[in-house]
Amino acid sequence: MLIHFSIILIVFKIKNIKFPQNFYDNLFFCIENNLRELAYGDVAVNKKMKKINKIFYDILLKINIKDKDKEFKINKSLIFKYFEDFNNLNNSKYELFDEYLMKFYHFCFELPAETMIQDAIKFKV
């Protein structure tokens, strides 16, 4: 989810469109509420939200986009860091995942900004 959200933010940046702050706020508010529904206390929720925010910004800063040709490339070490299962799988599984993210990026890039969030939810390969 955080990778997808990062891609959407990057597309908005490349298109020079201001991303609505309330979308960002709503995403993290929903995550926080779900943690509370899982019966985590205030201290645990705050620690987990801090960790989730750190992961989100790590992903956002390490996705590679070349502005000139809008070429999308995911950082392989980033994926291995957060998806440990790829370390134990053959390289073809990672390539499928990489291809999926590239298709998602191009799909979002073709969408109008007004409907990008709603239409990205409906994305299917």
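Note that the sequence shown covers residues 5 to 129 in the working numbering.
All C-beta atoms, glycine included, are put in the ideal place defined by N, C-alpha and C.
Bear in mind the structure is a predicted one, so any value in this text is a computation, not a measurement.
Legend entry - Nearest neighbour of D62, chosen from Y86, A117, I125 and K77 [CA to CA]: Y86
Legend entry - Classification of S10 by the beta-carbon crowding that lies within 10 angstroms, buried from 16 upward: buried
Inset, instruction - Measure the alpha-carbon distance for K19 versus M120 and round it to whole angstroms. - result: 12 Å
Inset, instruction - With DSSP as the reference, label F23 as helix, strand or coil. - result: coil
Inset, instruction - Compare the Cα-Cα distances from K77 to each of S96, M53 and M106 and report the closest residue. - result: M106
Inset, instruction - Output the distance between the C-alpha atoms of L64 and V15, rounded to the nearest integer angstrom. - result: 12 Å
Inset, instruction - Taking the CB atoms as reference points, tell me whether I21 and A117 lie closer together than 9 Å. - result: yes
Legend entry - Euclidean distance between Cα positions of F23 and F113: 14 Å
Inset, instruction - With DSSP as the reference, label F127 as helix, strand or coil. - result: coil
Legend entry - Residue interval of the beta strand (DSSP E) (run including F87): Per DSSP, F87 belongs to no beta strand (DSSP E) and is neither H nor E.
Legend entry - Closest by C-alpha distance to F108, when choosing among N95, K126, K66 and K80: K126
Inset, instruction - Within its chain, find whatever has a CB closer than 7 Å to the CB of E36; leave out the 5 residues flanking it on each side and keep chain order. - result: V49 and M53
Inset, instruction - Within 10 angstroms of the Cβ of F33, are there 16 or more other Cβ atoms? Answer buried if so, exposed if not. - result: exposed
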